[in-house]
Amino acid sequence: MAYSTNEMMTVAAARRLKNGSVCFVGIGLPSKAANLARLTSSPDVVLIYESGPIGAKPSVLPLSIGDGELAETADTVVPTGEIFRYWLQGGRIDVGFLGAAQVDRFGNINTTVVGDYHQPKVRLPGAGGAPEIAGSAKSVLIILKQSARSFVDKLDFITSVGHGEGGDSRKRLGLPGAGPVGIITDLCIMEPEEGTHEFVVTALHPGVTREQVTAATGWAIRFAEQVSTTAEPTEKELTALRDLEARTAAAHGQAPGEA
Numbered sequence: 626m627a628y629s630t631n632e633m634m635t636v637a638a639a640r641r642l643k644n645g646s647v648c649f650v651g652i653g654l655p656s657k658a659a660n661l662a663r664l665t666s667s668p669d670v671v672l673i674y675e676s677g678p679i680g681a682k683p684s685v686l687p688l689s690i691g692d693g694e695l696a697e698t699a700d701t702v703v704p705t706g707e708i709f710r711y712w713l714q715g716g717r718i719d720v721g722f723l724g725a726a727q728v729d730r731f732g733n734i735n736t737t738v739v740g741d742y743h744q745p746k747v748r749l750p751g752a753g754g755a756p757e758i759a760g761s762a763k764s765v766l767i768i769l770k771q772s773a774r775s776f777v778d779k780l781d782f783i784t785s786v787g788h789g790e791g792g793d794s795r796k797r798l799g800l801p802g803a804g805p806v807g808i809i810t811d812l813c814i815m816e817p818e819e820g821t822h823e824f825v826v827t828a829l830h831p832g833v834t835r836e837q838v839t840a841a842t843g844w845a846i847r848f849a850e851q852v853s854t855t856a857e858p859t860e861k862e863l864t865a866l867r868d869l870e871a872r873t874a875a876a877h878g879q880a881p882g883e884a
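The sequence shown begins at 626 in our numbering and counts up by one.
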């Protein structure tokens, strides 16, 4: 089956979510990938959203953390304070799944402003629970489309800390967990280099060249010694993804491509 670069990105991200893991999910691309994982490779994954649903199994993608679909399909719903204090800060979240407007070579995230904070070119949605997720989850996955505008040498604002300044920066900051372990884009997969914690390309999606990745990165991106090729989406994965998007579009009155 033919597929788009966005579909490749979503499928590749979904595959990174292990079955049975407890995942704190961000809205948007992270939610789409996490729910695709639940529908395909990881049926026993436990999806948690910051509004309180635990074990959410939405039939359509939520518009926000307050979407009733999350609470109606969850195993249980608890207060937001419990989600953060007992589950997240208590070390019970295996994976935090986050999106970003900007990301740097050490997996730090900006979702606050583009440009000067006091006179920004663009004011973004803001932090939400992302700083706490990035700081306290056992590991973090980041998903976003790749361009030189989003993969920047220096963030305009650090909303959520990844590996800080690299090296042992995260440890010196006193943050638990491994931090970001993967950045999945529409071009490739990046993982932190041992020791430096700088993100390097470890896999290229089918048909993508190193030159394309370099042109779409705002720093001098490096490639691992062994760079693999991402396996193409299977028919099962594409069918599940497209059905999910079609249900979402119908539920929210969108055109199919907007889901």
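Ideal Cβ positions, reconstructed from N, Cα and C, are used throughout, including at glycine. Computed from a predicted model, the values in this text were never measured in an experiment.
- Query: Whole-angstrom Cβ separation of residue 713 and residue 758, contact assumed at under 8 Å?
  - Reply: Reading the sequence shown from its first residue, position 88 is the one you call residue 713. Reading the sequence shown from its first residue, position 133 is the one you call residue 758. Confirmed, Cβ separation roughly 7 Å.
- Looking at C-alpha atoms only, which residue of 756, 869, 813 is the closest neighbour of residue 801? Numbered from 1 along the sequence shown, position 176 holds the residue referred to as residue 801. Each of 756, 869, 813 was checked against the Cα of residue 801, and the nearest Cα belongs to 756.
- Query: If you follow the beta strand (DSSP E) that residue 855 is part of, which residue opens it and which one closes it?
  - Reply: Within the sequence shown, the letter at position 230 stands for residue 855. Secondary structure note for residue 855: it is in no beta strand (DSSP E), with a DSSP letter that is neither H nor E.
- Just the Cα atoms here: how many angstroms apart are residue 821 and residue 793? For the purposes of this step, residue 821 is identified with residue 196 of the sequence shown, where counting begins at 1. For the purposes of this step, residue 793 is identified with residue 168 of the sequence shown, where counting begins at 1. Taking the straight line joining both Cα atoms gives about 8 Å.
- Expected contact under 8 Å - CB spacing of residue 632 and residue 858 to nearest Å: Counting from one through the sequence shown, the residue named residue 632 turns up at place 7. Counting from one through the sequence shown, the residue named residue 858 turns up at place 233. Confirmed, Cβ separation roughly 6 Å.
- Item | Supposed contact pair residue 666 and residue 734 - C-beta distance, whole angstroms, cut 8 Å | Counting from one through the sequence shown, the residue named residue 734 turns up at place 109. Counting from one through the sequence shown, the residue named residue 666 turns up at place 41. Going by Cβ atoms, the distance from residue 734 to residue 666 rounds to 26 Å, so no, they are not a contact pair.
- Which residues in the same chain have their Cβ closer than 6 Å to the Cβ of residue 636, if we skip the five residues on either side of it in sequence? Reading the sequence shown from its first residue, position 11 is the one you call residue 636. Hits under 6 Å: 858, 862.
- Message: Taking the alpha carbon of residue 671 as the reference point, which residue from 681, 797, 656 has its own alpha carbon closest?
- Response: Position 46 of the sequence shown, counting from 1, holds the residue named residue 671. Among 681, 797, 656, the Cα nearest to that of residue 671 is on 681.
- For residue 785, which beta-bridge partners are listed by DSSP? Along the sequence shown, one-based indexing puts residue 785 at 160. Residue 785 is bridged to 734.
- Tell me, to the nearest whole angstrom, how far the beta carbon of residue 717 is from that of residue 647; I am working on the premise that it is less than 8 Å. What you label residue 717 is simply residue 92 of the sequence shown in a count that begins at 1. What you label residue 647 is simply residue 22 of the sequence shown in a count that begins at 1. About 6 Å; that satisfies the 8 Å criterion.
- Message: With a threshold of 9 Å between beta-carbons, can residue 763 be considered close to chain B, or not?
- Response: Going by chain labels, chain B is absent from the structure shown, which holds only one protein chain.
- By how many angstroms is the C-alpha of residue 634 removed from the C-alpha of residue 654? Within the sequence shown, residue 654 is the residue found at index 29, counting from 1. Within the sequence shown, residue 634 is the residue found at index 9, counting from 1. Roughly 9 Å between the two C-alpha positions.
- Beta bridge counterpart(s) of residue 701 as assigned by DSSP: On the sequence shown, position 76 is the one that residue 701 refers to. 679.
- Query: Can the beta-carbon of residue 809 be found less than 9 Å from the beta-carbon of residue 641?
  - Reply: If you number the sequence shown from 1, residue 809 lands on position 184. If you number the sequence shown from 1, residue 641 lands on position 16. Going by beta carbons, residue 809 and residue 641 fall inside the 9 Å limit.
- Item | Rounded straight-line distance, which links the Cα of residue 649 to that of residue 783 | In the sequence shown, counting from the first residue as 1, residue 783 sits at position 158. In the sequence shown, counting from the first residue as 1, residue 649 sits at position 24. Taking the straight line from one Cα to the other gives about 20 Å.
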